[in-house]
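To start, the structure itself, in structure tokens.
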Amino acid sequence: MDKSPCNSQDVEVRKGPWTLEEDLILTNYIANHGEGVWNSLAKAAGLKRTGKSCRLRWLNYLRPDLRRGNITPEEQLLIMELHAKLGNRWSKIAKHLPGRTDNEIKNYWRTRIKKHTKQTEPFAAGSSETNEHGSSTCQVSSATDQMETYCPPLYQGDVGAFSGGNIPQELNENYWSMEDLWSMQLLNGD
DNA sequence: AAGGATCTCAACCGCGACGGG
DNA sequence: TCCCGTCGCGGTTGAGATCCT
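Each residue of the first sequence is one higher than the one before, counting from 1 in the UniProt record's numbering.
Right under this line is the structure:
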């Protein structure tokens, strides 16, 4: 469909970083006409971008109600809490954090977890055999999975910690308890 | 001061859901 | 009911910035 950039009739599609001029065009257009069907918006605004790209740029960068800058400790806690409940449903999590985007939260989470995983790697390596028989609540199938649904090794095999039975089954399988989150707070140290 | 390693974040990609014709 | 266009989401990548040795 859009895979033929040489097609003479199709306007060539720009990719990569947005220029200031493009930002201005998009912002002005939306200010005047509002958000709409993104594909036609891109064309109507005269941008050589896909509607998808315009949408992303607007939602993640240009929207006037965006809060840019450091995630506050309160927001951090909320993110952790919501991630424990919702998993990687970044857009859902973002809805609870006015002014923050799913992309921002996703990036924030991943870098945090990456850091945390590194910090605890020696432990994880040492206790890796615990996962072999699937005896813990964590289903680690790869390094990536470990990052996404990481369980602090201290709790591995210690399912009894959840014996209160308050954790819904589908959550119990992949996500952290609040205790985990609080302990991570301490590890982060900020 | 230089070079390498690591981190951060904007942007792209692929897929599934949804709605209209 | 099927097909097509569009949207929204989650995962991934790459470039620039920053830190470390």
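No residue lacks a Cβ here, since even glycine has one placed at the ideal position from N, Cα and C. Given the structure is predicted, the values throughout are model-derived calculations rather than measurements.
By the neighbour-count criterion, in which 16 or more other beta carbons inside 10 Å mark a residue as buried, T101 falls on the buried side.
If you check the CB distance, D65 and G34 do not come in under 7 Å. Secondary structure note for L26: its alpha helix (DSSP H) is the uninterrupted segment L20 to H33. Within 10 angstroms of the beta-carbon of L26 lie 16 or more other beta-carbons, which makes it buried. With fewer than three CB-CB distances shorter than 8 Å, the stretch 85–97 does not count as touching the stretch 51–61. Taking a 10 Å sphere around the C-beta of A42, we find 16 or more other C-beta atoms and assign the residue as buried.
Short of 7 Å from the beta carbon of A45, and not among the five residues preceding or following it, lie these beta carbons of its own chain, in chain order: I25, L26 and Y29. In the DSSP assignment, E74 falls within the unbroken alpha helix (DSSP H) covering P73 to L86. The continuous alpha helix (DSSP H) containing K95 extends over residues W90 to K95.
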